[in-house]
Amino acid sequence: MEIAPSMVIRLQHNIQLKFRANNLSVNILNQSLSSTPKLNYLMNFRLDNKIALITGGGSGIGFAIAQCMIEAGATVVITGRREHALQEAVQQLGDKAKYVVNDVTILDQLENLVEHIETQIGAIDILVNNAGINMKKP
Numbered sequence: 102m103e104i105a106p107s108m109v110i111r112l113q114h115n116i117q118l119k120f121r122a123n124n125l126s127v128n129i130l131n132q133s134l135s136s137t138p139k140l141n142y143l144m145n146f147r148l149d150n151k152i153a154l155i156t157g158g159g160s161g162i163g164f165a166i167a168q169c170m171i172e173a174g175a176t177v178v179i180t181g182r183r184e185h186a187l188q189e190a191v192q193q194l195g196d197k198a199k200y201v202v203n204d205v206t207i208l209d210q211l212e213n214l215v216e217h218i219e220t221q222i223g224a225i226d227i228l229v230n231n232a233g234i235n236m237k238k239p
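Per our numbering, the very first residue in the sequence shown carries number 102; after that it's consecutive.
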């Protein structure tokens with residue numbers, strides 16, 4: 102799996118996620134790395150017992166988001182069109198990751214997707230609409 106060469110996402114409360122190559126770091130802005138408040142703050146940023154659905158989670162940014170959410174304690178369900186890529190991603194993500202093959206452009210499948218996840222895994226707490234395509238102009 103490849104993550105964008107360099108990416109920074111700033112979340113609320115001055116939390117910053119940095120993706121570089123296959124490395125992720127979490128920073129609390131305006132605090133030193135060794136400060137106790139930072140450690141306490143990160144302990145409060147937990148997603149234990151939460152279920153996240155991440156569309157397009159088999160690679161790229163979606164895969165990196167899944168890694169972050171699992172590290173924060175969530176169970177993730179990744180979706181995408183390519184089953185082989187999803188299988189590889191789940192293998193790398195570990196026991197807290199599941200996958201469902203789904204194409205979000207086929208709107209008739211979405212209700213069944215949600216029903217399947219809620220029946221097999223549990224109620225969805227978090228939705229990350231990450232799936233996308235690159236359409237080049239002629």
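Quick reminder that beta carbons are idealized off the backbone N, C-alpha and C, glycines included.
No experiment lies behind these values; they were computed from the predicted model shown.
Cβ atoms of residue j and residue i: under 8 Å apart, would you say?
i    : j    : result
V202 : L187 : yes
I152 : A224 : yes
G161 : G181 : no
L148 : A175 : yes
F255 : A173 : A query on residue 255 cannot be resolved here, the shown segment of the chain reaching from 102 to 239 and no further.
Pull up the CB-CB distance for residue i and residue j, whole angstroms please, since I reckon it's below 8 Å.
i    : j    : result
I179 : A165 : Actually they are not in contact, since the Cβ atoms of I179 and A165 sit about 11 Å apart, beyond 8 Å.
Is it buried or exposed for residue i, if we count other Cβ within 10 angstroms and need 16 for buried?
i    : result
L154 : buried
N230 : exposed
I129 : In this predicted model, I129 has a pLDDT of only 45, less than 50, meaning its place in the structure is not dependable enough to derive any value.
L208 : exposed
G91  : Nothing can be reported for residue 91, as the shown portion of the chain is limited to 102 through 239.
M236 : exposed
L228 : exposed
D226 : exposed
Less than 7 Å between the CB of residue i and some heavy atom of the ligand FAD, yes or no?
i    : result
G223 : Inclusion of the ligand FAD in the displayed structure is not the case, the ligand content being empty and no account of it being possible.
Any 3 or more C-beta pairs closer than 8 Å across the stretch 188-196 and the stretch 207-223: no
Every unbroken alpha helix (DSSP H) within the stretch 138-221, with a cutoff of 4 residues, ordered by chain: 161-172, 184-194 and 211-221
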